[in-house]
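Numbering (mature numbering (1 follows the signal peptide of the UniProt record, and there is no 0)), first residue to last: -20 to -1, 1 to 204.
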């Protein structure tokens, strides 16, 4: 084979490879990378001015007729029945449980809610899972941390205890507006439309955070 013929064969092979790559690209376009978990924060930034946060979140609600996930934050921890009333008209997805203790830092316990189950029953099941986790924490920890976890477990064992700090819900704009107007609700912080639960980083405002979203004191006695 002459040099000219060899070059022609190589050019033809290269053309076939390029054509195959173009065809594959048109038939099987590259998919967009999945959004990173925890890439959308719902709740104040660390150290954020509370008044400024409460002022900005209404502007992040979705457009009318649009459904979105949103973090419903309560002015104080609520018992299950009051939390159900506060988010009526929405679909609760995740509950954030916290046992309030004066000047004692307690855990935020995030529990997904079983879909298709009545909301009161789903909240009760979530509270019982959180109670079991608190009891486990009390056994594996020591000192003050163990005492706090044991006190949390005792509180979470009581179905009437006010332990619901916040709920992630899904609803249209009108439903979120209705929730935001209810007396027990402190703020409704919506995610962008189309966001999924795996993309959320949830950090609800605590009732004791009234000026800045800073850590609360942890120098009080643990209830016995």
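Virtual Cβ for every residue (Gly too), placed ideally from N, Cα, C.
{"Asked": "Three-state secondary structure (DSSP) at residue 29?", "Found": "strand"}
{"Asked": "I'd like to know whether the C-beta atoms of residue 55 and residue 192 end up nearer to each other than 7 Å.", "Found": "no"}
{"Asked": "Mind listing, in chain order, the continuous alpha helix (DSSP H) runs of no fewer than 4 residues lying wholly within the stretch 122 to 170?", "Found": "123 to 136 and 153 to 160"}
{"Asked": "Assign residue 78 to one of three DSSP states: helix, strand, or coil.", "Found": "coil"}
{"Asked": "Grouping DSSP H, G and I as helix and E and B as strand, with all else coil, what is residue 95?", "Found": "coil"}
{"Asked": "Since residue 50 and residue 156 are thought to touch, with beta carbons under 8 Å apart, how far apart are those beta carbons, to the nearest angstrom?", "Found": "5 Å"}
{"Asked": "So what's residue 55 in DSSP terms, helix, strand or just coil?", "Found": "strand"}
{"Asked": "Please confirm if the stretch 94 to 110 is in contact with the stretch 64 to 82, defined as three or more CB-CB distances below 8 Å between the two stretches.", "Found": "yes"}
{"Asked": "Under DSSP, the beta strand (DSSP E) around residue 182 begins and ends at which residues?", "Found": "180 to 182"}
{"Asked": "Using a 10 Å radius around the Cβ and a threshold of 16 neighbouring Cβ atoms, would you call residue 11 buried or exposed?", "Found": "Because residue 11 sits at a pLDDT of 45, beneath the cut-off of 50, its placement in the model cannot be relied upon, and the point is left open."}
{"Asked": "How should residue 130 be labelled, buried or exposed, when 16 other C-beta atoms within 10 angstroms of its C-beta is the threshold for buried?", "Found": "buried"}
{"Asked": "Tell me whether residue 84 sits in a helix, a strand or coil according to DSSP, three-state version.", "Found": "coil"}
{"Asked": "Between the C-alpha atoms of residue 53 and residue 99, what's the straight-line distance to the nearest angstrom?", "Found": "17 Å"}
{"Asked": "Measuring straight from C-alpha to C-alpha, what distance separates residue 205 and residue 152?", "Found": "Limits of the chain in this structure are -20 at one end and 204 at the other, which puts residue 205 out of reach."}
{"Asked": "Just the Cα atoms here: how many angstroms apart are residue 187 and residue 57?", "Found": "8 Å"}
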